[in-house]
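Trainee: So that we are looking at the same thing, I have put the structure below in structure tokens.
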Amino acid sequence: MPYTNEEQVLEALQAGDRPALRHIFDAHYEMVCQAIMRLVQDRSTSEDLAQEVFIRFWEKRAQIQIKTSLSAYLRRMAINEGLMYLRRQKRWGTDELEAGREAGAEVSGEDVLLQDELGQRVRLAIQQLPPRCRAVFQLSRYEELTYKEIADQLGISVKTVEHQMGKALRVLKERLRAYLHFFF
């Protein structure tokens, strides 16, 4: 059945229509893979995780309530899946070091420790941001949304997004100042 709009395909999906899932999969698979790929840096893994996203999407179809767009919803699912994978692999904050190892570059134990510590400090600093500030930062930096998209998603003005983003960057710069000289 040809679907003429997003609402129609979502209705069909929620009614258990497998061709609707195929339609969504075909239209969004590559975007989901790319969102995951930015995090895990491995094509095969990103493809596996993308399939998990669509399996979970199908399993939760009856509860799905999309407030933005289907694309934004699937991107968020993809990013969450990628982050869960990274947590399971304990790779968060060490991607660059592993890429260097794979390329044959020499990486010292001190570099590994510094990178791990910086990753932990960054995560902690982000978690300590005020909730709205943290949400704006994460949507901008991890989901790569524009300020307009962030404003729409959070129901705030673009000016508020700009203010919150500036605040987040100032706070992170201050909290991470002691570590920045190791990398720049």
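Heads up: the sequence shown begins at 0 in numbering that gives the first Met the number 0, then just goes up one per residue. Note that CB positions come from ideal geometry on N, CA and C, so glycine has one too. Note that the structure is predicted; figures quoted are calculated from it, not measured.
Hey, which unbroken runs of the alpha helix (DSSP H) at 4 residues or more fall wholly within the region 26 to 58?
Mentor: For the region 26 to 58, whole alpha helix (DSSP H) runs of length 4 or above, ordered along the chain, are 42 to 58.
Trainee: Return the residue from the list 75, 176, 161, 124 that minimises the CA-CA distance to residue 30.
Mentor: Within the sequence shown, residue 30 is the residue found at index 31, counting from 1. Closest by alpha carbon: 75.
Trainee: Mark residue 13 as exposed unless 16 or more other C-beta atoms lie within 10 angstroms of its C-beta, in which case mark it buried.
Mentor: For the purposes of this step, residue 13 is identified with residue 14 of the sequence shown, where counting begins at 1. It is exposed - the Cβ of residue 13 has fewer than 16 other Cβ atoms within 10 Å.
Trainee: Between residue 121 and residue 84, which are expected to be in contact by the criterion C-beta below 8 Å, what is the C-beta distance as a whole number of angstroms?
Mentor: As a working mapping, residue 121 is identified with position 122 in the sequence shown. As a working mapping, residue 84 is identified with position 85 in the sequence shown. Contact flag wrong, Cβ pair sits at about 18 Å.
Trainee: By DSSP, does residue 77 sit in helix, in strand, or in coil?
Mentor: Residue 77 sits at position 78 when you count from the first residue of the sequence shown. It is helical.
Trainee: Using the rule of at least 16 other Cβ atoms within 10 Å of the residue's Cβ for burial, across every protein chain shown, is residue 23 buried or exposed?
Mentor: Position 24 of the sequence shown, counting from 1, holds the residue named residue 23. By the 10 Å Cβ count, residue 23 comes out buried.
Trainee: CA-CA distance, residue 130 and residue 70?
Mentor: Your numbering for residue 130 matches position 131 in the sequence shown. Your numbering for residue 70 matches position 71 in the sequence shown. Rounded to whole angstroms, residue 130 to residue 70 spans 24 Å at the Cα level.
Trainee: Could you tell me which of 78, 174, 126 sits nearest to residue 141, measuring between CA atoms?
Mentor: By one-based count along the sequence shown, residue 141 stands at place 142. When only C-alpha atoms are compared, the closest one is 78.
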